[in-house]
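Reviewing the structure listed below.
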């Protein structure tokens with residue numbers, strides 16, 4: 003694996019996953035609080051400790067973290083976030099909005115993507131660790147470099163800085 007696949011893969015993965023950003027207050031189905039916690043509870047800076055793409059069929063996993071480089075995510079109390087990946091050769095910033103749809107479904111809407119196509123995640127949060135797992139088929143990935151993307155999902159683990 004070369005560093006370019008990591009760089010473009012990380013940016014491409016987030017672009018594949020999501021929709022454009024908006025304010026939580028704009029839509030009646032967008033809420034700050036879900037069943038177990040509120041988006042405002044996530045406010046602060048987080049280190050990305052796991053970022054991987056997993057095949058829907060099982061077995062294949064691609065780790066998007068480069069040894070020695072720890073991406074960080076800053077989350078505002080209104081759900082706006084910036085994921086910053088310092089690649090040594092430049093920095094990639096990925097931005098968007100986190101919210102609970104209808105107060106139940108953890109959703110991420112990325113700034114670069116079309117509206118009304120949210121991505122839902124299963125979430126775990128204990129105050130210091132946030133784990134997000136995309137649903138099967140929430141993205142695609144070329145696991146064997148044959149030019150054909152396969153069904154995939156993302157697993158992301160953040161630890162409070």
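In the numbering used here, the protein residues as written are 3 to 163.
Yeah, the Cβ is synthetic: ideal placement off N, Cα and C, and Gly gets one too.
Model, not experiment: these values are computed from the prediction.
| query | result |
| --- | --- |
| Out of 115, 143, 51 and 75, which has the shortest C-alpha to C-alpha gap to residue 93? | 75 |
| Can you tell me whether residue 71 is helix, strand or coil according to DSSP? | coil |
| Between residue 121 and the ligand NAP, is there a pair consisting of the residue's CB and a ligand heavy atom that are separated by less than 7 angstroms? | In terms of ligand content, the structure shown is empty, and the ligand NAP therefore cannot be addressed. |
| What residue range does the beta strand (DSSP E) around residue 111 cover? | 107-112 |
| Roughly how many angstroms separate the alpha carbons of residue 137 and residue 121, rounded to a whole number? | 8 angstroms |
| So residue 85 packs on residue 73, CB below 8 angstroms; how close in whole Å? | 6 angstroms |
| Less than 8 angstroms between the CB atoms is what I'm expecting for residue 67 and residue 158, so what's the real figure, rounded? | Not confirmed; about 10 angstroms, so no contact. |
| If the criterion is Cβ atoms closer than 8 angstroms, does the pair residue 140 and residue 156 meet it? | yes |
| What's the call for residue 98, buried or exposed, on a 16-neighbour Cβ count within 10 Å? | buried |
| Going by Cα to Cα distance, which pick from 43, 125, 145 and 143 is closest to residue 106? | 125 |
| Report yes if the CB atom of residue 186 is closer than 8 angstroms to the CB atom of residue 56, and no otherwise. | Because the chain is modelled from 3 through 163, residue 186 falls outside the range shown and cannot be assessed. |
| Short of 8 angstroms in beta carbon distance, which residues of its chain neighbour residue 142, apart from the five on each side in sequence? Order them along the chain. | 18, 151, 152, 153 and 154 |
| Taking 6 angstroms as the limit between beta carbons, can you name the residues of its chain near residue 81, skipping five residues before and five after? | 26, 41, 99, 100 and 101 |
| Pick helix, strand or coil for residue 174, following the three-state DSSP scheme. | Within the shown structure, residues of the chain are numbered from 3 to 163, placing residue 174 beyond reach of any answer. |
| Got a sec? Which residues, its chain only, sit under 7 angstroms from residue 36 by beta carbon, not counting five neighbours each side? | 102, 105, 106 and 108 |
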